[in-house]
Amino acid sequence: MKRFKTTKGLIGIVLLTLIALIAIVGPMVIPPDAATKMDMLARRSPPTWTHLLGTDQLGRDMLYRVILGARTSLEIAVTAVLMSIVLGLPLGLVSGYFGGWIDNVLMRLVDTLLAFPALLLALTISAVLGPNVQNTIIAIGIAFTPYLARIIRGEALKVAQMPYVEAARASGTTDGMIMLRHVLPNIMPAVIVQATISLAFAILAEAGLSFLGLGTQPPAASWGLMIQASRDQLDVAPWTALVPGAAVALTVLGLNMFGDVLRDILDPKSK
Amino acid sequence: MKDIVSVDHLRVEFATDSGPVVGVEDVSFTIAPGETVCVVGESGSGKSVTSLSLMRLVEFGGGTIAAGQLRFRRSDGTELDVAAASPSVMGSVRGNEIGMIFQEPMTALNPVFTIERQLTDGLMLHKGLSQSQASARALELLKSVRIPEPERRLKQYPHELSGGMRQRVVIAMAMACEPKLLIADEPTTALDVTIQAEILALINRLKRENGMAVLFITHDMAVVAQMADRVVVMYRGKIVETGTVDQIFTAPKEDYTKALLAAVPKLGEMKGKPAPERMRLIGDEAARAARVTPVARKKEVLLDVRHLTTRFPVKGGILRRTKAQVHAVEDVSFTLNVGETLALVGESGCGKSSCGRSILRLVKPTSGEVWIGGRDIGALNHHDLRRARADMQMVFQDPFASLNPYRRLKDQVAEPIVNFGLASGAELKARVEQLFDRVNIPRGFMKRFPHELSGGQRQRVAIARALAVNPKLIVADEAVSALDVSVQAQVLNLMMELQEDLGLSYLFISHDMAVVERIAHQVGVMYLGRIVEIGPRAAIFESPAHSYTKQLLSAVPIADPTKRRFADDLSFKPIKSPIFPLGHEPAPSVYTEVAPGHFVLQD
Numbered sequence: 003m004k005r006f007k008t009t010k011g012l013i014g015i016v017l018l019t020l021i022a023l024i025a026i027v028g029p030m031v032i033p034p035d036a037a038t039k040m041d042m043l044a045r046r047s048p049p050t051w052t053h054l055l056g057t058d059q060l061g062r063d064m065l066y067r068v069i070l071g072a073r074t075s076l077e078i079a080v081t082a083v084l085m086s087i088v089l090g091l092p093l094g095l096v097s098g099y100f101g102g103w104i105d106n107v108l109m110r111l112v113d114t115l116l117a118f119p120a121l122l123l124a125l126t127i128s129a130v131l132g133p134n135v136q137n138t139i140i141a142i143g144i145a146f147t148p149y150l151a152r153i154i155r156g157e158a159l160k161v162a163q164m165p166y167v168e169a170a171r172a173s174g175t176t177d178g179m180i181m182l183r184h185v186l187p188n189i190m191p192a193v194i195v196q197a198t199i200s201l202a203f204a205i206l207a208e209a210g211l212s213f214l215g216l217g218t219q220p221p222a223a224s225w226g227l228m229i230q231a232s233r234d235q236l237d238v239a240p241w242t243a244l245v246p247g248a249a250v251a252l253t254v255l256g257l258n259m260f261g262d263v264l265r266d267i268l269d270p271k272s273k
Numbered sequence: 016m017k018d019i020v021s022v023d024h025l026r027v028e029f030a031t032d033s034g035p036v037v038g039v040e041d042v043s044f045t046i047a048p049g050e051t052v053c054v055v056g057e058s059g060s061g062k063s064v065t066s067l068s069l070m071r072l073v074e075f076g077g078g079t080i081a082a083g084q085l086r087f088r089r090s091d092g093t094e095l096d097v098a099a100a101s102p103s104v105m106g107s108v109r110g111n112e113i114g115m116i117f118q119e120p121m122t123a124l125n126p127v128f129t130i131e132r133q134l135t136d137g138l139m140l141h142k143g144l145s146q147s148q149a150s151a152r153a154l155e156l157l158k159s160v161r162i163p164e165p166e167r168r169l170k171q172y173p174h175e176l177s178g179g180m181r182q183r184v185v186i187a188m189a190m191a192c193e194p195k196l197l198i199a200d201e202p203t204t205a206l207d208v209t210i211q212a213e214i215l216a217l218i219n220r221l222k223r224e225n226g227m228a229v230l231f232i233t234h235d236m237a238v239v240a241q242m243a244d245r246v247v248v249m250y251r252g253k254i255v256e257t258g259t260v261d262q263i264f265t266a267p268k269e270d271y272t273k274a275l276l277a278a279v280p281k282l283g284e285m286k287g288k289p290a291p292e293r294m295r296l297i298g299d300e301a302a303r304a305a306r307v308t309p310v311a312r313k314k315e316v317l318l319d320v321r322h323l324t325t326r327f328p329v330k331g332g333i334l335r336r337t338k339a340q341v342h343a344v345e346d347v348s349f350t351l352n353v354g355e356t357l358a359l360v361g362e363s364g365c366g367k368s369s370c371g372r373s374i375l376r377l378v379k380p381t382s383g384e385v386w387i388g389g390r391d392i393g394a395l396n397h398h399d400l401r402r403a404r405a406d407m408q409m410v411f412q413d414p415f416a417s418l419n420p421y422r423r424l425k426d427q428v429a430e431p432i433v434n435f436g437l438a439s440g441a442e443l444k445a446r447v448e449q450l451f452d453r454v455n456i457p458r459g460f461m462k463r464f465p466h467e468l469s470g471g472q473r474q475r476v477a478i479a480r481a482l483a484v485n486p487k488l489i490v491a492d493e494a495v496s497a498l499d500v501s502v503q504a505q506v507l508n509l510m511m512e513l514q515e516d517l518g519l520s521y522l523f524i525s526h527d528m529a530v531v532e533r534i535a536h537q538v539g540v541m542y543l544g545r546i547v548e549i550g551p552r553a554a555i556f557e558s559p560a561h562s563y564t565k566q567l568l569s570a571v572p573i574a575d576p577t578k579r580r581f582a583d584d585l586s587f588k589p590i591k592s593p594i595f596p597l598g599h600e601p602a603p604s605v606y607t608e609v610a611p612g613h614f615v616l617q618d
């Protein structure tokens, strides 16, 4: 069982490293116009030696597009998740640690946001702010904040009742220091694990927003945008959906595997 | 072979990532019919693993019986090799011919089934009784374990019963099929002392009436002295010594047994002694402990608690309104002198912990005053309270939970000093080193994390943290209850040594009367939030005046097999609920002074 988990973790790490390398190195070696260059003679071409993963309806090379799209998709997902941590962590920490009316006020606020499905919320924010990369990040970041805040609040609530927190209070530690030194390190495992799960969802959310025309704008490439473009040619050129779909699936798979293992490593109870 | 059980060179291994770990290395013993064999040892000695092996339950915990034989004589006279028996045969033995009582009565019963269902399941399975026959037998069983109102209990769920009643139900379940062997694994460790006395008496009676053999697992030498015919002493997976209970207690052969017995405080052994005394230890620690000098007694009041009352709201209903109040601490007054120890004793729920926490204002008292060194702690604002905390520190019960698992020990000990800005840089480092020396923890441990230490070492670190800011008062809330007896003795001696050297005052909160008798100057007995009796240690232990104090003292097992006290059925008055409706104003506590300094609550 344990060995299986380690292998799983290794696959996850290898997968994520590869994807990250492609996203970072790809744009450096591939000419910038490769993703937009149209080969009008080979439109909707299935995978061939010239176009390893085929082409789309405008004759653009799918391999180049999926590599260049990786950067956009991951950039948006990582920044959005970081943003949701920056917003959600203090919210959840303060709420769970102090409890009482502070908790009530903050959590009703969070509950209000939670009442809307995350994607609908992101959609609304994105539509109001206007479609571009920066606004997509803000939209996804805000939409994910309540979920993170809820989980952190629960963990903080649990940790705040531990005797070592009371011991710190009894020895004159201020609330701020208790949160920083005692509560925060003990909830970090939960935060990290939730963050990896959120990353997977953020990639899908970006794909969703782009699919609806609110995320990345053409002709720039992103995985979501590619899936969107493929929707009316699934019968004649299924690879146009399969290639970016597989990229999303592999990344999510890698993140989930990695997240599972990370949770086990960081949980002191599993040792 | 007449023995019911014979264990021969048992070896149990547990598979882990880093290869097999030996839980039990080499254990052999026998149990004769109608005999009580006590297996005693400290945590990690393999005593529970031995008992689980006998039921072949050890496999469910990842263990394997690697070598040795376990023979059990079945009711039909045939001999069963437990180590080689098939699962279906074991199924017909477990709960049928061997009954088992577990430690935690709160979790050993399934919360979603009625008592009747839990009792009748085994009867219908093993004895083939019909539903109505089984129900009739269940009622009979509840009567035999002397549960009040047995008919009503059958229809109740576990949460509706008190801890003592639940453990009686667990015993009734174990007894249901009239087993030839009863295995009791720490059956009273989680229970209050009066309930423990009742349960021990019950097990004794059932054994006598049914001629059943009992395998009793415990860490408590006092319980061993009260229960055993024969004793098996275990240490790190091996048997140290086997013998009759008299042999073990009067003439132990092995050093480990001697050390174990020496470390156990015996209630009543301090009779006629004016001052607290160090715990006895054998070996390296003995020389330190031998330095028995009574603590100098300056009569100077450090802590003055006046009419302290703490109530917690009980919320209910849709609007989460306060429906009632728990009167945790009710009109408690006492004083504690400089350099002395006041012990607050009582059973769970009596308010002793809430009292300690109210004094430190870790919970806010409802009313009353707490004066330390001329300041009323209760009246301080947030800022001044934080400053005042330098004078009063706390040591908690669970050394595993009171240290932050993610911080290095030196940082945790340094924290109070940093909080009050008392030292920094090299001075801080030197001070922390001194503190580690002071509690006898090697300096090499300073950079370690809590999980790398044993329970006793952790508690020493917790004491070092409490000492860091040179407090005048330390509230020790069950500070040694979670420790093994030899470690407990070492930590208690350390506390007494520190008291002598630094003039510390302790508010020692404990349920263990024998420990309290050894270390306290003053004793306060708490019951339902009030102090029912308070006075000098000798007065409380030698001439208790309140009926509850007498009841409590009579229930304490004594680590001396010649002083057996649980032969007959015992039944103590159950403790009443401290929950009262809103607006209930109880009468103030009024005391009678029966002797100088010895006060008894007027009922």
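Going down the list, the sequences are from chains S and H.
Once you know that position 79 of the first sequence is 81 in the working numbering, the rest is easy, because the numbers rise by one and skip nothing.
Once you know that position 554 of the second sequence is 569 in the working numbering, the rest is easy, because the numbers rise by one and skip nothing.
All C-beta atoms in this analysis are idealised placements derived from N, C-alpha and C, irrespective of residue type, glycine included.
Bear in mind the structure is a predicted one, so any value in this text is a computation, not a measurement.
Chain S residues whose Cβ lies nearer than 9 Å to that of residue i
{"i": "residue 419 of chain H", "result": "164, 166, 167, 169, 170, 183, 184, 187, 188"}
{"i": "residue 395 of chain H", "result": "Those do not exist, as residue 395 of chain H stays about 13 Å from chain S at its closest Cβ, beyond 9 Å."}
{"i": "residue 413 of chain H", "result": "165"}
{"i": "residue 335 of chain H", "result": "Chain S residues near residue 335 of chain H: none, gap ~11 Å exceeds 9 Å."}
{"i": "residue 480 of chain H", "result": "169, 173"}
Supposed close pair residue i, residue j - CB separation, criterion 8 Å
{"i": "residue 50 of chain H", "j": "residue 245 of chain H", "result": "7 Å"}
{"i": "residue 417 of chain H", "j": "residue 232 of chain H", "result": "28 Å between Cβ atoms; not a contact."}
{"i": "residue 130 of chain S", "j": "residue 78 of chain S", "result": "The Cβ separation is near 18 Å, so there is no contact."}
{"i": "residue 432 of chain H", "j": "residue 483 of chain H", "result": "5 Å"}
{"i": "residue 428 of chain H", "j": "residue 506 of chain H", "result": "With 8 Å as the limit, residue 428 of chain H and residue 506 of chain H do not qualify as a contact, their Cβ atoms being about 16 Å apart."}
{"i": "residue 206 of chain H", "j": "residue 214 of chain H", "result": "7 Å"}
{"i": "residue 45 of chain S", "j": "residue 60 of chain S", "result": "7 Å"}
{"i": "residue 189 of chain S", "j": "residue 261 of chain S", "result": "Contact doesn't hold; Cβ gap of about 16 Å is too wide."}
Per-residue contacts from residue i into chain H (C-beta, under 8 Å)
{"i": "residue 174 of chain S", "result": "401, 402, 404, 405, 431, 434, 435, 484"}
Chain S residues whose Cβ lies nearer than 8 Å to that of residue i
{"i": "residue 327 of chain H", "result": "Going along chain S, no residue has its Cβ under 8 Å from residue 327 of chain H, so there is no contact; the nearest lies around 15 Å."}
{"i": "residue 343 of chain H", "result": "The contacting residues do not exist; residue 343 of chain H stays about 16 Å from chain S at best."}
{"i": "residue 552 of chain H", "result": "Simply none; closest approach about 27 Å."}
{"i": "residue 377 of chain H", "result": "168, 171, 172"}
{"i": "residue 422 of chain H", "result": "183, 184, 187"}
Identified DSSP bridge partners for residue i
{"i": "residue 326 of chain H", "result": "H:342"}
{"i": "residue 250 of chain H", "result": "H:253"}
{"i": "residue 473 of chain H", "result": "Note: residue 473 of chain H sits in no beta bridge, so no partner."}
{"i": "residue 53 of chain H", "result": "H:231, H:246"}
{"i": "residue 25 of chain H", "result": "H:42"}
{"i": "residue 402 of chain H", "result": "Partner(s): none; residue 402 of chain H has no beta bridge."}
{"i": "residue 165 of chain S", "result": "Its beta-bridge partners do not exist; DSSP assigns none."}
Residue i - containing alpha helix (DSSP H), residue span
{"i": "residue 189 of chain S", "result": "186 to 213"}
{"i": "residue 97 of chain S", "result": "64 to 100"}
{"i": "residue 122 of chain S", "result": "120 to 131"}
{"i": "residue 587 of chain H", "result": "Per DSSP, residue 587 of chain H belongs to no alpha helix (DSSP H) and is neither H nor E."}
{"i": "residue 421 of chain H", "result": "Residue 421 of chain H -> no alpha helix (DSSP H), and no H or E assigned at all."}
{"i": "residue 555 of chain H", "result": "552 to 557"}
Chain S contact residues for residue i, given Cβ-Cβ distances below 7 Å
{"i": "residue 408 of chain H", "result": "172, 173"}
{"i": "residue 416 of chain H", "result": "164, 165, 166"}
Residue i CB to nearest heavy atom of the ligand FAD below 7 Å
{"i": "residue 601 of chain H", "result": "This structure does not include the ligand FAD; it has no bound ligands of any sort."}
Start-to-end residues for the beta strand (DSSP E) that takes in residue i
{"i": "residue 6 of chain H", "result": "Here chain H comprises residues numbered 16 to 618, so residue 6 of chain H is not present and cannot be evaluated."}
{"i": "residue 382 of chain H", "result": "382 to 387"}
{"i": "residue 80 of chain H", "result": "78 to 88"}
Mind the definition here: the region 176 to 190 of chain H touches the region 143 to 160 of chain H only if three or more C-beta pairs lie below 8 Å; say whether that holds.
-> yes
Selection of the region 71 to 87 of chain H by Cβ proximity to chain A, strictly under 9 Å = Structure shown: chain A not included; protein chains present are S and H.
Cβ pair count under 8 Å reaching 3, the region 364 to 371 of chain H against the region 516 to 536 of chain H = yes
Taking one C-beta from the region 83 to 102 of chain H and one from the region 16 to 25 of chain H each time, how about it: are there three or more such pairs within less than 8 Å?
-> yes
Is the region 344 to 355 of chain H touching the region 529 to 546 of chain H, taking contact as three or more C-beta pairs under 8 Å?
-> Look at the beta carbons and you see the region 344 to 355 of chain H touching the region 529 to 546 of chain H: at least three pairs across the two are nearer than 8 Å.
Flag this pair as touching only if the region 34 to 43 of chain H and the region 234 to 254 of chain H have three or more C-beta atom pairs under 8 Å; answer yes or no.
-> These segments touch.
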